[in-house]
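Participant: Protein chains in written order, with the numbering used here: chain X, 1 to 286; chain V, 287 to 535.
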Ligand SMILES: Nc1ncnc2c1ncn2[C@@H]1O[C@H](COP(=O)(O)OP(=O)(O)OP(=O)(O)O)[C@@H](O)[C@H]1O
Ligand SMILES: [Mg+2]
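The following block contains the structure:
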C-alpha cells in the first residue's frame with residue numbers, strides 16, 4: 001500500500017510540473033494550451049539530443065532542454081498566439097492543437113519515431129521502509145519539488161510574480177498599474193517552457209522517450225488543473241498529486257490500460273460537482 | 287484660469303467593431319483644479335475615461351497631457367506619463383493583500399521600490415482606515431474600504447493627473463463625505479483631478495469646473511458654481527439649453 005502511495009506521488013509530481021505550466025498560461029492568456037503535451041515531448045528530445053548524441057551529462061542536458069523549450073515557447077507565441085491575442089478561447093485552443101501536432105512532427109522529423117532512453121547508469125532500487133525506491137524516483141521528487149518551490153517563490157515573492165497574478169486577475173487594471181502585458185506573457189511562456197522541459201526529461205527517465213510520451217500526459221495534466229481550480233497554479237499541484245495517487249490506486253482494481261480513464265472520470269466528476277475546482281469559489285465580482 | 291494639464295480634442299472612441307461611443311468630445315482640464323464630468327447613464331463617461339487612460343485606443347482626435355501628445359500611448363505608458371486612474375468597478379486585485387496591492391501600484395510605474403515606503407505613508411495619512419491592515423485580502427474589504435484602497439493605489443506612484451470614475455458610487459453617506467474630503471485633500475496636495483460623479487451637488491462643492499457629457503459629446507464646460515445655479519440642469523442634460531460653448535470657457 002505504501003508502495004502504491006509512493007508510486008502515486010511520483011507520478012503525481014510528473015503531472016504537477018506541466019500542470020503548473022498549463023495553469024500559468026491559462027491564467028495570463030486565457031486559453032488551455034493543448035500543446036503542453038508535445039512541449040513535454042520536445043523538451044525530452046532536446047535533452048536526449050544533448051545527453052545521448054552529444055554526450056553531456058543528463059543534468060546539464062536537461063537544463064539545455066528546458067532553455068531550448070523556453071525558446072520554442074517564445075517563438076511559438078510570436079508566430080501563432082500573438083496574432084490571435086484578442087481571439088476567443090476556442091480559436092486559441094484550436095490553434096494550440098495545431099501547435100501540438102506541428103511540434104510532435106518536428107520531433108519525429110528531427111529524431112525519428114524510435115523508442116529511446118537517456119544515458120543513465122542502471123542502479124538497483126534502494127529499500128526504504130519496506131518500499132522499493134529507485135534513483136529515478138528520487139530525482140523526480142527532488143527536481144519536481146525544487147521547481148515547485150521556485151515557481152511559488154516567483155509567483156508570491158517577486159515583482160514578476162505579482163505582475164503575473166495581476167494580469168491573470170484583471171488585465172485592464174494591471175495595465176493601468178504600469179504592467180506591460182507582453183512582458184508578462186513572455187515570462188509566462190518562458191517559465192512554462194522550462195517546466196515542460198524538465199517534465200519531459202523526468203517523464204523520459206521514469207519510462208522511455210518516444211514521440212507520443214507527451215500525448216499520454218494531456219489528460220492527467222488537464223484533470224489536475226481542473227481539479228485544482230483553473231488558473232490556480234498551486235491548486236494544480238494538489239490536483240496532480242491526487243490524480244497520480246488515484247491512478248495508482250485504480251491499478252488495484254482495473255487493468256493498467258484503463259489508467260487514463262481515471263483522469264477522464266475525475267474531469268467529468270469535478271466539472272459536474274465542483275466546476276470551480278476543489279478550492280475554487282465562484283469569483284466575487286466588483 | 288491656469289494652463290490646461292490635459293486637453294482633449296475631437297476624440298472618437300468605441301469598443302471592438304461597434305460604433306463610436308465617444309463622438310468627437312473636446313474639453314480641457316486646468317492644472318491644479320478639480321474638474322467633474324456629469325451626464326446621464328450610458329452617456330459614455332466611463333468610456334471617455336477609458337480612452338484617456340489607454341484602455342481603449344482612440345479612433346481619432348488627440349489627447350495632450352502636460353503638453354505632450356499621448357493619444358496613442360497604451361495604458362502602462364500613460365500611467366508612466368503621470369496619469370492615475372481609479373476605475374468604476376474591479377478597481378483592486380481581490381486575490382492580493384492590501385499591502386501587495388499598494389506595492390504593485392508603485393513598483394511598475396516608479397520602476398523600482400525606492401520611495402515605496404514614503405508613498406505608503408502618504409497614502410496612509412489620507413486613508414487611515416488602511417493602516418495596520420496590510421495583510422488583509424483586498425477581496426474581503428467592504429465597498430467603502432475597497433474604494434479607499436483603489437484610490438490609495440492610484441496615488442501611490444504620485445500621478446500629476448488623477449482620473450476618478452464615480453468615486454462615491456455605492457458608498458454610505460458617511461463614506462461619501464469622507465471620499466469627497468479625500469479628493470479635496472489630494473487636490474490640495476497638488477494633484478489635478480478629473481472625476482465622473484453622479485452625486486452632482488456634493489461633487490460641485492469641491493469642483494472648479496463642470497463638464498457635461500451627453501451621447502458621447504461634450505455639451506458644455508463651465509465653472510462649477512455656474513453649473514449649480516443653472517436654471518435648467520435637465521435641459522443641459524437634454525442638450526436643449528443655450529449654454530456656453532466649450533471653446534469660450
Ligand atoms: N466593454 C464594453 N463593450 C461594449 N460596449 C460597452 C462596453 N462598456 C460600455 N459599453 C457601452 O458604451 C456605452 C456607454 O457606456 P459607459 O459605461 O461609458 O457609460 P457611462 O456614462 O459611464 O454610464 P454610467 O453612468 O451608467 O456609468 C453604453 O451604451 C454601453 O453599453
Ligand atoms: Mg460609468
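All C-beta atoms in this analysis are idealised placements derived from N, C-alpha and C, irrespective of residue type, glycine included.
This structure is a prediction, so every number in the text was calculated from the model and none was measured.
Select from 212/X, 249/X, 22/X and 25/X the residue whose C-alpha is nearest the C-alpha of residue 115/X.
Facilitator: When only C-alpha atoms are compared, the closest one is 212/X.
Participant: Just verifying my parser: in three-state terms, what is the DSSP assignment at residue 259/X?
Facilitator: Of the three classes helix, strand and coil, the one that applies to residue 259/X here is helix, per DSSP.
Participant: If you draw a straight line from the C-alpha of residue 64/X to the C-alpha of residue 42/X, how long is it?
Facilitator: When rounded, the distance between both Cα atoms is 12 Å.
Participant: Could you give the first and the last residue of the continuous alpha helix (DSSP H) run that contains residue 12/X?
Facilitator: It spans 2-29 - the alpha helix (DSSP H) in which residue 12/X sits, taken as one unbroken run.
Participant: Quick check: what's the CA-CA separation for residue 206/X versus residue 425/V?
Facilitator: Using only the alpha carbons, I get a separation of about 42 Å.
Participant: Can you confirm whether residue 437/V, when its beta carbon is compared against all beta carbons of chain X, has any partner nearer than 9 Å?
Facilitator: So, not an interface residue.
Participant: Give a yes or no on contact between the region 299-318 of chain V and the region 482-502 of chain V, applying the rule of three or more CB pairs nearer than 8 Å.
Facilitator: Enough Cβ pairs lie closer than 8 Å, so yes.
Participant: Going straight from the alpha carbon of residue 286/X to that of residue 28/X, what length do you get?
Facilitator: Only weak support exists for where residue 286/X lies, its pLDDT of 31 falling under 50; the value from the coordinates is given anyway. When rounded, the distance between both Cα atoms is 20 Å.
Participant: Based on the DSSP secondary-structure assignment, which residues constitute the bridge partners of residue 127/X?
Facilitator: Answer by DSSP bridge pairing, in chain order: 132/X.
Participant: Have a look at residue 38/X and residue 349/V and give me their C-alpha separation to the nearest angstrom.
Facilitator: For residue 38/X and residue 349/V, the distance between alpha carbons rounds to 47 Å.
Participant: Please decide whether residue 4/X counts as near chain V, where near means a Cβ-Cβ distance under 9 Å.
Facilitator: For residue 4/X, the answer is no, since every Cβ of chain V falls outside 9 Å of its Cβ.
Participant: Of all Cβ atoms in chain X, is any one closer than 9 Å to the Cβ of residue 377/V?
Facilitator: Cβ-Cβ to chain X under 9 Å: yes for residue 377/V.
Participant: Would a C-beta distance cut-off of 9 Å place residue 203/X and residue 217/X closer than the cut-off?
Facilitator: Yes. Within cutoff.
Participant: Whole angstroms are fine: how far does the CA of residue 95/X sit from the CA of residue 157/X?
Facilitator: Rounded to the nearest angstrom, the two C-alpha atoms are 33 Å apart.
Participant: Looking at chain X, which residues of the region 325-356 of chain V have a Cβ within less than 9 Å of any of its Cβ atoms?
Facilitator: Residues 336, 339, 340 and 341.
Participant: Taking only beta carbons into account, state which residues of the region 166-177 of chain X come closer than 7 Å to chain V, listed in chain order.
Facilitator: Those residues of the region 166-177 of chain X that come within reach of chain V (Cβ to Cβ, closer than 7 Å) are 166, 169, 170, 172, 173, 175, 176 and 177.
Participant: Under 7 Å, CB to any heavy atom of ligand 2. Which residues pass, going along the chain?
Facilitator: In chain order, the hits are 331/V, 332/V, 374/V, 451/V, 452/V and 482/V.
Participant: Report yes or no: do three or more beta-carbon pairs, one from the region 330-349 of chain V and one from the region 383-394 of chain V, lie closer than 8 Å?
Facilitator: Result no; under three Cβ-Cβ pairs closer than 8 Å.
Participant: Opposite residue 370/V in the DSSP bridges: which residues?
Facilitator: Per DSSP, 448/V.
Participant: Touch check for the region 439-450 of chain V and the region 357-371 of chain V: three-plus C-beta pairs under 8 Å?
Facilitator: Output reads yes: the region 357-371 of chain V touches the region 439-450 of chain V.
Participant: Against chain X, with Cβ distances strictly below 9 Å, would residue 360/V count as a contact?
Facilitator: Yes, its Cβ sits closer than 9 Å to a Cβ of chain X.
Participant: Can you list the alpha helix (DSSP H) stretches of 4 or more residues lying completely in the region 328-356 of chain V, in chain order?
Facilitator: DSSP runs (the alpha helix (DSSP H)) wholly in the region 328-356 of chain V: 331-339.
Participant: Does any C-beta atom of chain X lie closer than 9 Å to the C-beta of residue 303/V?
Facilitator: Residue 303/V does not count as touching chain X.
Participant: Can you find a heavy atom of ligand 1 that lies under 8 Å from the Cβ of residue 326/V?
Facilitator: Yes; taking the cut-off as 8 Å, the Cβ of residue 326/V has a heavy atom of ligand 1 nearer than that.
Participant: Under 8 Å Cβ-Cβ, which residues of chain V neighbour residue 163/X?
Facilitator: In chain order: 390 and 394.
Participant: Helix, strand or coil for residue 251/X, going by three-state DSSP, please let me know.
Facilitator: Looking at residue 251/X - three-state DSSP - the assignment turns out to be helix.
Participant: Thinking just about the alpha-carbon of each residue, which of 104/X, 13/X, 249/X and 60/X is nearest to the one in residue 40/X?
Facilitator: The shortest Cα separation from residue 40/X among 104/X, 13/X, 249/X and 60/X belongs to 104/X.
Participant: Taking the alpha carbon of residue 504/V as the reference point, which residue from 303/V, 323/V, 336/V and 391/V has its own alpha carbon closest?
Facilitator: Closest by alpha carbon: 323/V.
Participant: Just to confirm my understanding: we take residue 297/V, look at its own chain, exclude 5 residues before and 5 after, and list those with CB closer than 6 Å. What are they?
Facilitator: Excluding positions up to five away in sequence, the list reads 308, 311, 344 and 347.
Participant: DSSP state of residue 213/X, grouped into three classes?
Facilitator: Note: residue 213/X maps to coil in three-state DSSP.
Participant: List the residues of chain V whose Cβ lies closer than 7 Å to the Cβ of residue 180/X, in chain order.
Facilitator: Correct list: 362.
Participant: Can the beta-carbon of residue 441/V be found less than 9 Å from the beta-carbon of residue 408/V?
Facilitator: Yes, the pair counts as a contact, with Cβ atoms nearer than the cut-off.
Participant: Just to confirm, are residue 362/V and residue 395/V a CB contact at a threshold of 9 Å?
Facilitator: Yes, these two residues count as a Cβ contact at 9 Å.
Participant: With 7 Å as the C-beta to C-beta threshold (strictly closer), list the residues of the region 207-236 of chain X near chain V in chain order.
Facilitator: Cβ contacts with chain V: none found.
Participant: Less than 9 Å between the C-beta atoms of residue 237/X and residue 16/X, yes or no?
Facilitator: Contact: yes.
Participant: Establish whether the CB of residue 83/X and some CB of chain V are separated by less than 9 Å.
Facilitator: For residue 83/X, the answer is no, since every Cβ of chain V falls outside 9 Å of its Cβ.
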